[in-house]
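Chemist:
Protein chains: 2
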Amino acid sequence: MTLSRQPLRGMRELYPPQKRVEDYLIGGIRSAARVYGFEEYEAPVLEPLELFLAKSGTELAREQSYNFTDKGGRELILRPELTPSLARMIAAGGELVFPVKWMSFPDCFRYEKPQRGRVREFLQFNLDILGTADPAAELEVFLVLQRIMRTFKVPDSLYRIRYSSRALAAAALRGAGLPEGEAARAFALLDRRDKMPGGDWESWVLESLPGPGGRSVIEYSRCEALDAPWLISAAGGTVAMEELIAFSGMLGAAGVGAAIFDPAVVRGLDYYTGIVFEVSDTGGENRRAICGGGRYDDLVGLFGGLKVSGVGFGLGILTMQLFLETYGLIAEGVAGRHPAAVFLAAYSQEQRGFVLELAERLRDAGIPVETDISGKGLKKQFSLAEKRGIGRLIVIGPEEVATGCLTVRCGSDRESYETDFDSLAGTLA
Amino acid sequence: MTLSRQPLRGMRELYPPQKRVEDYLIGGIRSAARVYGFEEYEAPVLEPLELFLAKSGTELAREQSYNFTDKGGRELILRPELTPSLARMIAAGGELVFPVKWMSFPDCFRYEKPQRGRVREFLQFNLDILGTADPAAELEVFLVLQRIMRTFKVPDSLYRIRYSSRALAAAALRGAGLPEGEAARAFALLDRRDKMPGGDWESWVLESLPGPGGRSVIEYSRCEALDAPWLISAAGGTVAMEELIAFSGMLGAAGVGAAIFDPAVVRGLDYYTGIVFEVSDTGGENRRAICGGGRYDDLVGLFGGLKVSGVGFGLGILTMQLFLETYGLIAEGVAGRHPAAVFLAAYSQEQRGFVLELAERLRDAGIPVETDISGKGLKKQFSLAEKRGIGRLIVIGPEEVATGCLTVRCGSDRESYETDFDSLAGTLA
Numbered sequence: 002m003t004l005s006r007q008p009l010r011g012m013r014e015l016y017p018p019q020k021r022v023e024d025y026l027i028g029g030i031r032s033a034a035r036v037y038g039f040e041e042y043e044a045p046v047l048e049p050l051e052l053f054l055a056k057s058g059t060e061l062a063r064e065q066s067y068n069f070t071d072k073g074g075r076e077l078i079l080r081p082e083l084t085p086s087l088a089r090m091i092a093a094g095g096e097l098v099f100p101v102k103w104m105s106f107p108d109c110f111r112y113e114k115p116q117r118g119r120v121r122e123f124l125q126f127n128l129d130i131l132g133t134a135d136p137a138a139e140l141e142v143f144l145v146l147q148r149i150m151r152t153f154k155v156p157d158s159l160y161r162i163r164y165s166s167r168a169l170a171a172a173a174l175r176g177a178g179l180p181e182g183e184a185a186r187a188f189a190l191l192d193r194r195d196k197m198p199g200g201d202w203e204s205w206v207l208e209s210l211p212g213p214g215g216r217s218v219i220e221y222s223r224c225e226a227l228d229a230p231w232l233i234s235a236a237g238g239t240v241a242m243e244e245l246i247a248f249s250g251m252l253g254a255a256g257v258g259a260a261i262f263d264p265a266v267v268r269g270l271d272y273y274t275g276i277v278f279e280v281s282d283t284g285g286e287n288r289r290a291i292c293g294g295g296r297y298d299d300l301v302g303l304f305g306g307l308k309v310s311g312v313g314f315g316l317g318i319l320t321m322q323l324f325l326e327t328y329g330l331i332a333e334g335v336a337g338r339h340p341a342a343v344f345l346a347a348y349s350q351e352q353r354g355f356v357l358e359l360a361e362r363l364r365d366a367g368i369p370v371e372t373d374i375s376g377k378g379l380k381k382q383f384s385l386a387e388k389r390g391i392g393r394l395i396v397i398g399p400e401e402v403a404t405g406c407l408t409v410r411c412g413s414d415r416e417s418y419e420t421d422f423d424s425l426a427g428t429l430a
Numbered sequence: 002m003t004l005s006r007q008p009l010r011g012m013r014e015l016y017p018p019q020k021r022v023e024d025y026l027i028g029g030i031r032s033a034a035r036v037y038g039f040e041e042y043e044a045p046v047l048e049p050l051e052l053f054l055a056k057s058g059t060e061l062a063r064e065q066s067y068n069f070t071d072k073g074g075r076e077l078i079l080r081p082e083l084t085p086s087l088a089r090m091i092a093a094g095g096e097l098v099f100p101v102k103w104m105s106f107p108d109c110f111r112y113e114k115p116q117r118g119r120v121r122e123f124l125q126f127n128l129d130i131l132g133t134a135d136p137a138a139e140l141e142v143f144l145v146l147q148r149i150m151r152t153f154k155v156p157d158s159l160y161r162i163r164y165s166s167r168a169l170a171a172a173a174l175r176g177a178g179l180p181e182g183e184a185a186r187a188f189a190l191l192d193r194r195d196k197m198p199g200g201d202w203e204s205w206v207l208e209s210l211p212g213p214g215g216r217s218v219i220e221y222s223r224c225e226a227l228d229a230p231w232l233i234s235a236a237g238g239t240v241a242m243e244e245l246i247a248f249s250g251m252l253g254a255a256g257v258g259a260a261i262f263d264p265a266v267v268r269g270l271d272y273y274t275g276i277v278f279e280v281s282d283t284g285g286e287n288r289r290a291i292c293g294g295g296r297y298d299d300l301v302g303l304f305g306g307l308k309v310s311g312v313g314f315g316l317g318i319l320t321m322q323l324f325l326e327t328y329g330l331i332a333e334g335v336a337g338r339h340p341a342a343v344f345l346a347a348y349s350q351e352q353r354g355f356v357l358e359l360a361e362r363l364r365d366a367g368i369p370v371e372t373d374i375s376g377k378g379l380k381k382q383f384s385l386a387e388k389r390g391i392g393r394l395i396v397i398g399p400e401e402v403a404t405g406c407l408t409v410r411c412g413s414d415r416e417s418y419e420t421d422f423d424s425l426a427g428t429l430a
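Chains as they are written, first to last, in the working numbering: chain A, 2 to 430; chain B, 2 to 430.
1. Hey, out of G199/B, V266/B, W205/B, whose CA is closest to A226/B's CA?
2. Would you kindly work out how many angstroms separate the C-alpha atoms of L4/A and G58/B, rounded to a whole number?
3. Does the CB of T133/B have a neighbour CB from chain A at under 9 Å?
4. Considering only residues of the same chain and omitting the five flanking positions on each side of F262/A, which have a CB-CB separation below 7 Å?
5. Can you check the stretch 100 to 150 of chain B for any beta strand (DSSP E) of at least 3 residues that lies completely inside it and give the ranges in chain order?
6. Hey, how far is the Cα of Q116/B from the Cα of Y221/B?
7. Relative to chain A, which residues along the stretch 62 to 94 of chain B have a C-beta separation below 8 Å, given in chain order?
8. Taking Cβ positions only, does F115/B come closer than 9 Å to chain A?
9. Anything in the stretch 4 to 18 of chain A with a Cβ closer than 8 Å to a Cβ of chain B? List those residues in chain order, please.
10. Let me know the secondary structure DSSP gives Y16/A once reduced to three states.
11. Return the CA-CA distance between S349/B and E361/B, expressed in angstroms with no decimal places.
12. Could you tell me which of A341/A, Y160/A, R111/A sits nearest to A430/A, measuring between CA atoms?
13. With the cut-off set at 9 Å, would you say L407/B and I391/B are in Cβ contact?
14. Exposed or buried, what is D373/A when buried is set at 16 or more other beta-carbons lying within 10 Å of its beta-carbon?
15. Flag this pair as touching only if the stretch 39 to 49 of chain A and the stretch 74 to 85 of chain A have three or more C-beta atom pairs under 8 Å; answer yes or no.
16. What residues match up with L407/B in a beta bridge as DSSP calls it?
17. Could you please give me the residues that DSSP links to D282/A through a beta bridge?
18. I'd like to know whether the C-beta of L270/B is nearer than 9 Å to at least one C-beta of chain A.
19. Could you run through the stretch 327 to 340 of chain B and flag, in chain order, every residue whose CB is less than 8 Å away from some CB of chain A?
20. Mind listing which residues of the stretch 39 to 62 of chain B have their C-beta closer than 8 Å to chain A's C-betas, in chain order?
21. Taking Cβ positions only, does I395/A come closer than 9 Å to chain B?
22. Mapping the DSSP letters down to three states, classify I246/A as helix, strand or coil.
23. With a threshold of 9 Å between beta-carbons, can I374/B be considered close to chain A, or not?
24. Run through chain A and tell me which residues come within less than 8 Å of G388/B, C-beta to C-beta.
25. Which bits of chain B does A254/A rub up against, with CB to CB less than 9 Å?
26. According to DSSP, is A259/A helix, strand or coil?
27. What first and last residue would you give for the beta strand (DSSP E) that runs through T70/B?
28. With a floor of 4 residues, list each alpha helix (DSSP H) that falls wholly inside the stretch 206 to 243 of chain B, ordered by position along the chain.
29. By the DSSP assignment, the beta strand (DSSP E) with V370/B in it spans what residues?
30. Closest Cβ-Cβ distance between D423/B and chain A: below 9 Å?
31. Would M244/B count as contacting chain A if we go by Cβ distances under 9 Å?
32. Does V240/B pass the burial test, meaning 16 or more other C-beta atoms within 10 Å, or should it be called exposed?
33. I'd like to know whether the C-beta of D108/B is nearer than 9 Å to at least one C-beta of chain A.
34. Once DSSP output is grouped into helix, strand and coil, what is the label at S384/B?
35. For the stretch 136 to 148 of chain B, which residues have a beta carbon sitting closer than 8 Å to at least one beta carbon of chain A?
36. Are three or more beta carbon pairs between the stretch 91 to 108 of chain A and the stretch 35 to 46 of chain A nearer than 8 Å?
Here you go:
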């Protein structure tokens, strides 16, 4: 039988050049969060289904995920997101020091039709602060996002951190007369605004919520600032409004230039209760949000005992990569960069022992060295070093063995200089 | 409904201190392999079941793994190991430069009863060289293993790289008269030797393979060196014997002191064809092999087209951790090390803005800084910094804002020194 050479559709299979790009993203994101003192954790890929039925919503857990019954009869799920597992860890965590500031890079799974930027296995970055209701937590989260973007040299003009508040949306729609029972439906409509052409969306809203309800949703969605007259008349003076105005002031004072209020941001996940936000491409090249998050007040309490408020986000590594690639912000060299700093070539088979010895000494000094391990002739070793893209090559022949004097050939034009072991180790270290 | 606070049994859930230990292991292993020029790749967690039925063996794929049928009717498996996916990637890889030298840290799954060192979700380290049949590849793999051990300061006396060759085992047993059809059974018996008390194992072998077959397996298993008389009479002069003698000489010349010949090493996976090896604890504290691997000649060919020989191993990160912990080789500080280098405390709420500004400037310089984001009073900020184990604390009050002169308090005894922003950034960077 011949097996297929293809992985399952939409799975995360990365050859070394693609993995280097992913590692470049992970490294930049990790260092941006690390300077705020965030700590890394891991949660399981495989979880009980009920964990996700409880708060992510039935559609995500049942239809859009990989779930199955194991040999012991338990209903399991390949996690479609990380937050419910995090909430469990916080509830079970014993001696945690609050506020907890954690990050993780979970591999997640969704059973959806793959398309640009949407795959079935995807790496996310998750960052959360739990145990404080102070908006300084939201501010820190936004600062991390800004720092991530700056790490990758993204100008402020290319992205927006669009934020709103579910509490404000609820207050405004209630203030405009929307019946309490229609709030969830209104949120679902708002969440679709940027996924449809504007006119289509409005007609759809009016069909879905006929009468004054639908009109209020549209009016609310058009409020481009916190001081928009419709918004003031619907929600002025409410706690939700005051809090969002205060938060907006904090963003201004801290200089988070890409953050703007956008009433239509509500996020699709059921567990958000307060401020919600998305990061999006201003150019419209990439329609999927790069990142989405918000404050959740009731998630940890599901596990009994203490109530711990949290705020956090998930950022798609692949979505971020597509965004950076759109604007040429990933240097060509990233994918091609082979780890070896130097290739040690044996002039003939007799020098293989000496080459290995020298290579091991350089490796002891932390220098990545490649040598021939296939018994290739000198010409084929040159070719191998070149194909790998290793920048320096040293030929070890009888003279090098006798004198210890080494000639380093650099790059494709073979410019060369002489050195000895100690200087070489010093230069490359 | 109150949800369980426990993850599924045997899953990989790591709080930050445990994750720091895992990261310490990953970091050390990665750097040890990187100096040989190995490149990282990723393969999917979710795979078609037939990929593993084909070569890992039915028992592993069907009974000891998580497998299920997806919504589209495909039989899937959560990978129990990485090698079959690697073989597929090599077969499909187009423009690969051989020898391919790759590594990965896959998350793997087995449906087995959890016990010490055996869990259901586990991180592995995989390293492979493909595209050369030269024993220099095996030698390089052994050198990487030795370097991994040295990275963690493991003395040579605490571990052995026990190696043999499936080809030699087959030749010797054939030479001693074992019928061809009983070779697979004999391998399975040999593979159990170190998992049972010696006497029990021998009786069991004689029951399983009555007559001269069983006796040959026992005689073979007792050959402690390549020049053991029984082995020479059974396999002397065979290609397999000559190759293993040559390889043994290479190991001696390269100074791989922990490597020893052990005839009972055959490895349980069906795809190994040549040299096989295991790393084990000499103290017998940890009975599970830390690492196992070998040469596989026919794996890539399963995908049609070219035949590519490979050699590689899988190393269990948790098994390695238990091994190091047994001998006190993971420093206490590893688990406790909080990322922040300094805590900036606000004397009162009025200084919060300045604290944030200063923190952001330090973060711009790459220095991890923690501040209060919960509106805590000064005493509680002290307490937070201490509980987190952050070594330095600076209080920002009106005077610090006015003069820029900063007092750094170090450690729990609060020894202090004065500095200004630039010197601070310089010292901490």
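Glycine included, every Cβ here is placed at the ideal spot set by N, Cα and C. Quick caveat: nothing in here was measured; it's all calculated off a predicted structure.
Modeler: In short, the structure shows the following:
1. V266/B
2. 15 Å
3. yes
4. Y164, S165, A226, L227, S249
5. 101 to 105, 108 to 110, 122 to 131
6. 32 Å
7. Y67, F69, T70, D71, K72, R75, L77, L79, S86, R89, M90, A92, A93, G94
8. First, the amino acid is wrong: residue 115/B is Pro here, not Phe. For P115/B, the answer is no, since every Cβ of chain A falls outside 9 Å of its Cβ.
9. L4, S5, R6, Q7, P8, L9, M12, R13, E14, L15, Y16, P17
10. coil
11. 19 Å
12. A341/A
13. no
14. buried
15. yes
16. T420/B
17. Y160/A
18. no
19. H339, P340
20. F39, E40, E41, Y42, E43, A44, P45, V46, L47, E48, P49, E51, L52, A55
21. no
22. helix
23. yes
24. Reading off the sequence, residue 388/B comes out as Lys, not Gly. Chain A residues near K388/B: V98.
25. G354, L357
26. coil
27. 68 to 70
28. 213 to 222, 230 to 236
29. 370 to 372
30. no
31. The amino acid at residue 244/B is misidentified as Met; the sequence shows Glu. Output row for E244/B: interface = no.
32. exposed
33. yes
34. helix
35. A137, A138, L140, E141, L144, R148
36. yes
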